[in-house]
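Note that the sequence shown covers residues 964 to 1332 in our numbering.
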Amino acid sequence: MGQIEINNLTKRFGSTTAVDRLSLDIEDGEFLVLVGPSGCGKSTTLRCLAGLETASSGDIYIAGDHMNYRVPQNRDIAMVFQDYALYPHMTVRQNMRFGLEEEEGYTAEERDERVEEIGEMLGIADLLDRKPDELSGGQQQRVALGRAIVRDPEVFLMDEPLSNLDAKLRAQMRTELQRLQNRFGVTTVYVTHNQTEAMTMGDRIAVMNDGELQQVGEPLELYHEPVNRFVAGFIGEPMMNFVEGTYDDGVYRGEHIEYPFDERMREHVDGASEVVLGVRPEDLELHPARDGAEATLGDHQFPMEVAVVEPHGNENIVYLNPVGETDREPLLQAVVGGTDDPEPGMRVVASIDPETVHVFDARTGEALH
Ligand code: ATP
């Protein structure tokens, strides 16, 4: 059973704390994505799990066994790296078989059969006698995966395994990895800085920043209920709009936006004064503004002017400014359907449904909900 328990893991390099008191339980068979910006400590966490780094403090258990002092070969894990790390002088068959050399309980014939079987499954059976430099990036990636899979480990550790592939192949391999994981049910820890990979692949996502775990949860939980501004900004594409302001007596006042909170929101926000309003671009509704619309605006509606429209085919990203303020960083971004095509300079009314609004404490960044 490949469950993983990480208790208070800290890893320091000189004065840098790469991982700071990280605790995380990963279930047997789970696909957990570790995500965060460059330098947040994802790879170091994975390398500690693999035994390639020694923890400064804290404990790691895999399948209930204490791992801290075990060499990588005795951890029953297989690792897939960004650069594939294939042996250039060996054929694909030899590379994959190499993964099995240390495994006990296989006859030579069984090893060959296993390589053939996994090669077949990954669609590289006809490449087994080629060397790595005779393969495309995507094919090399499959071989690296194959080498990990032949060993039938308890745990897969993957560090940005798709980042060297072009966008189309990356999408294809994403689906393939998920299919493999469903089929084998091997516990997988997958490191990426790409939030789309995290959202689409993870059973759960663990978001890190500055060596610290920010939140762990199912993708939609992180999307709908981020615990702080960092997670809210990291999960979701395009990024959540943030507008800083103040809160007093049930009303938020920010740049060009005055927003009365309903009972439910007040309960959570009362007591705070400096706050940040968070609105997902896809939660912002736009309507064309008719003449005199300003006079009839509702509590949660704002007059805006379209600054830029970015067409994406199935949808448009619309950048909005307060009316008459064209010469500035856009205040808000909205996502609208591809058939709605507002023009730059057009006046619109933006509606923000109170059900979808997020509020953060401006000082601590913590969500007030
Ligand atoms: P990336 O996405 O860029 O790979 P990451 O989130 O995986 O980043 P880590 O590689 O874990 O981040 O690095 C975390 C911090 O630890 C960084 O500040 C990095 O510079 C530092 N660090 C990592 N490895 C070492 C090392 N061997 N010696 C010194 N500092 C290190």
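Glycine included, each C-beta is placed from N, C-alpha and C at the ideal position.
On a predicted model such as this, the values are computed, not experimentally measured, just so you know.
Problem set entry | Contact test: G1021 Cβ vs the ligand ATP heavy atom, cutoff 7 Å | The residue labelled residue 1021 in the question sits at position 58 within the sequence shown. No - the ligand ATP has no heavy atom lying nearer than 7 Å to the Cβ of G1021.
For this session: Using DSSP bridges, identify the partner residues of Q1057.
Result: Counting from one through the sequence shown, the residue named residue 1057 turns up at place 94. Answer is none; Q1057 lacks a bridge partner.
For this session: Would you check if the distance between the CB atom of M1059 and the CB atom of V1113 is smaller than 8 Å?
Result: For this step, residue 1059 is matched to residue 96 along the sequence shown. For this step, residue 1113 is matched to residue 150 along the sequence shown. For M1059 and V1113, yes; Cβs fall inside 8 Å.
For this session: Would you check whether the ligand ATP has a heavy atom nearer than 7 Å to the C-beta of A1007?
Result: Position 44 of the sequence shown holds residue 1007. Checking the sequence shown, residue 1007 turns out to be Thr, not Ala. Yes; taking the cut-off as 7 Å, the Cβ of T1007 has a heavy atom of the ligand ATP nearer than that.
For this session: Would you tell me roughly how many angstroms separate the C-alpha atoms of N1191 and S1099, rounded to the nearest one?
Result: Counting from 1 along the sequence shown, the entry for residue 1191 is found at position 228. Counting from 1 along the sequence shown, the entry for residue 1099 is found at position 136. Their backbone Cα atoms lie some 41 Å apart in a straight line.
Exercise. So which of P1189, Y1032 and E1139 has the shortest CA-CA distance to I1198?
Worked result: By one-based count along the sequence shown, residue 1198 stands at place 235. Considering only alpha carbons, the answer is P1189.
Exercise. If you follow the alpha helix (DSSP H) that Q1158 is part of, which residue opens it and which one closes it?
Worked result: Indexing the sequence shown from 1 puts residue 1158 at position 195. Segment Q1158 to M1164, the alpha helix (DSSP H) holding Q1158.
Exercise. Cβ-heavy atom distance between A1134 and the ligand ATP below 7 Å?
Worked result: As a first step, residue 1134 is located in the sequence shown; it is residue number 171 there, counting from the start. No, the ligand ATP has no heavy atom inside 7 Å of this Cβ.
Problem set entry | Boundaries (first-last residue) of the alpha helix (DSSP H) holding I1112 | Within the sequence shown, residue 1112 is the residue found at index 149, counting from 1. Counting along the chain, the alpha helix (DSSP H) containing I1112 begins and ends at G1100 to I1112.
Problem set entry | Sequence ranges, beta strand (DSSP E) only - wholly within the region 1038–1093, length at least 3 | 1040–1043
Problem set entry | When M1228, M1053 and P1182 are compared against M1164, the one with the closest alpha-carbon | One-based indexing of the sequence shown puts residue 1164 at position 201. When only C-alpha atoms are compared, the closest one is P1182.
Exercise. Thinking C-alpha only, which one of L1176, N1204 and D1211 is nearest K1005?
Worked result: Stepping through the sequence shown from its first residue, residue 1005 is reached at position 42. Nearest option by C-alpha distance: L1176.
Exercise. Are the region 1256–1274 and the region 1210–1217 in contact at 8 Å, needing three or more beta carbon pairs?
Worked result: no
Exercise. Going by DSSP, what residues sit across from S1020 in a beta bridge?
Worked result: If you number the sequence shown from 1, residue 1020 lands on position 57. Answer is T973.
Exercise. What's the call for N1145, buried or exposed, on a 16-neighbour Cβ count within 10 Å?
Worked result: Within the sequence shown, numbered from 1, the residue matching residue 1145 stands at position 182. Exposed, because fewer than 16 other Cβ atoms sit within 10 Å of the Cβ of N1145.
For this session: Run the CB neighbour count on P1116, radius 10 Å, all protein chains shown included, and call it buried at 16 or more, exposed below.
Result: Working through the sequence shown from its first residue, we reach residue 1116 at position 153. Buried, because 16 or more other Cβ atoms sit within 10 Å of the Cβ of P1116.
Exercise. Less than 7 Å between the CB of H1156 and some heavy atom of the ligand ATP, yes or no?
Worked result: Position 193 of the sequence shown, counted from the start, is the residue given in the question as residue 1156. Checking every heavy atom of the ligand ATP against the Cβ of H1156, one is found closer than 7 Å.
Exercise. What residue range is occupied by the uninterrupted beta strand (DSSP E) comprising Y1210?
Worked result: Here residue 1210 corresponds to residue number 247 of the sequence shown, with the count starting at 1. Start and end: N1204 to D1211.
Exercise. Looking at the unbroken beta strand (DSSP E) that takes in N1172, where does it start and where does it end?
Worked result: Position 209 of the sequence shown, counted from the start, is the residue given in the question as residue 1172. Residues R1167 to N1172.
Exercise. Going by the C-beta, is C1003 closer than 7 Å to any heavy atom of the ligand ATP?
Worked result: For the purposes of this step, residue 1003 is identified with residue 40 of the sequence shown, where counting begins at 1. Answer for C1003: yes, Cβ within range of the ligand ATP.
Problem set entry | Residue(s) in a DSSP beta bridge with Q1264 | Locating residue 1264 in the sequence shown gives position 301, counting from the first residue. Partner(s): S1314.
Exercise. Is A981 near the ligand ATP, in the sense that its beta carbon is under 7 Å from a heavy atom of that ligand?
Worked result: If you number the sequence shown from 1, residue 981 lands on position 18. The answer is yes for A981.
Exercise. Would you report the Cα separation of V1322 and R1056, rounded to the nearest angstrom?
Worked result: Taking the first residue of the sequence shown as position 1, residue 1322 is located at position 359. Taking the first residue of the sequence shown as position 1, residue 1056 is located at position 93. Whole-angstrom Cα-Cα distance: 55 Å.
Exercise. Are three or more beta carbon pairs between the region 978–998 and the region 1086–1098 nearer than 8 Å?
Worked result: no
Exercise. According to DSSP, is R1192 helix, strand or coil?
Worked result: Reading the sequence shown from its first residue, position 229 is the one you call residue 1192. Of the three classes helix, strand and coil, the one that applies to R1192 here is helix, per DSSP.
Problem set entry | Burial state of F1193, where buried means 16 or more other Cβ atoms lie within 10 Å | Against the sequence shown, residue 1193 aligns to sequence position 230. When all chains shown are included, F1193 counts as buried.
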